[in-house]
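Okay, so here's the structure we're looking at.
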Amino acid sequence: MTRVCWWLVDILSRMLDPEERDAVRGDLAESGETGARALCDVSGLVARRQAALWKAWRPWLALIGIVGPVGVLLIQFSFFLSGASQLYLWIIRNYKYIDPALLEQTGLTLRHGVSILVCYSVLLGCWSWTSGFALGSLSRRTIWVNGAFFCIVWLIFSGALHGIPSLRLPVPKLPTVRFLLPLIGGVYRGLRPGAPGLRPAIFFATAIASLTAVAIWRGNWWRGGPWQMMLALSLIPSWPVWYMIAIANSRRTTHERDIRSK
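Residue numbers (my numbering): 568 to 829.
Below, the structure written as structure tokens:
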């Protein structure tokens, strides 16, 4: 039990600033406190530090703007993509038994399907990376809390979409991995100092706008079906890229102002 308590102390202390973390670990080593007492003290300190961080607006924007609507839409889109991939894999496996005219009539030809899956996969990756960047950039030291909330949302909606108990861990499939890996990469970049340049930000914005237009056209989002609302909802997971452009432009303006002032 003592070993578990000290392991939890080490995990919780990572939520503190490096200088404060080193000081706390040094004090605990010198005090000779028990693992349970050390865990209680560090938990209280971390809770106070986190409460102070949440007085700012940025962590709340990350929670309400990314973890909430954007996270849910990305999860739903990844599962939609997973279902579409399974459909076309089934068509490939049974292609010799299917009348090609039937595929033409239903719009499920392999040519159309591959282009749709590629477009959706790249769009999901761009949405995920920019959303992860905004989540990391806005959260900073509160990423532990917002990250935990995002995992909870993922588990709940994954369980609901699978029709299984929400607390059961979903098995990651390829579209889910294509959603999670760019998201994690974006969070890592967002937590690093500085911001991407204006050109990369504009590139992401152009790519997302172009892919969304292609998806609307190729996927017939304006027509009936379970994804008819994507035409309107596609604007929601796109807002993090505009946030990225805004901070990149702000950084560039500040840099140019500093150069002129010298």
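C-beta atoms are modelled at their ideal positions from N, C-alpha and C, and glycine is treated no differently.
In this text, all values refer to a predicted model and were calculated from it rather than measured experimentally.
Requested in this report: Using only alpha-carbon positions, find the residue among W694, R759, G752 and E587 that is nearest to W806.
Outcome: With distances taken between Cα atoms, W806 lies closest to W694.
Query - Helix, strand or coil at L702 according to DSSP, with G and I counted as helix - result: helix
Query raised in the report: Nearest CA to the CA of R708: which residue from D577, G611 and R616?
Result: R616
**Report entry** Integer Cβ distance of S704 from G761, believed to fall under 8 Å
**Finding:** Not quite, the Cβ-Cβ distance comes to about 10 Å (not below 8 Å), so this is no contact.
Query raised in the report: Looking at C-alpha atoms only, which residue of G680, P667 and G699 is the closest neighbour of G653?
Result: Going by the sequence as given, residue 653 is Gln instead of Gly. Nearest option by C-alpha distance: G680.
Query - For Y655 and A701, the rounded distance between their alpha carbons - result: 33 Å
Query raised in the report: Is the segment 775 to 782 close to the segment 674 to 692, with three or more CB pairs under 8 Å?
Result: yes
Requested in this report: Taking the CB atoms as reference points, tell me whether I812 and A768 lie closer together than 7 Å.
Outcome: yes
Query raised in the report: Per DSSP, what kind of secondary structure is M811 in: helix, strand or coil?
Result: helix
Query raised in the report: How close, in whole Å, do the beta carbons of I803 and V591 come, if the pair is a contact with beta carbons under 8 Å?
Result: Not quite, the Cβ-Cβ distance comes to about 40 Å (not below 8 Å), so this is no contact.
Report task. Starting from W657, follow the alpha helix (DSSP H) in both directions and report where the run begins and ends. Result -> G638 to R660
**Report entry** Same chain only: Cβ atoms within 7 Å of S706, ignoring 5 sequence neighbours per side
**Finding:** P626, A629 and N713
Query raised in the report: What number of angstroms, rounded off, separates the C-alpha of V613 from the C-alpha of D584?
Result: 10 Å
Query - Rounded straight-line distance, which links the Cα of A774 to that of L620 - result: 34 Å
**Report entry** Proximal residues to G635 (C-beta, below 7 Å), its chain only, five neighbours per side dropped
**Finding:** none
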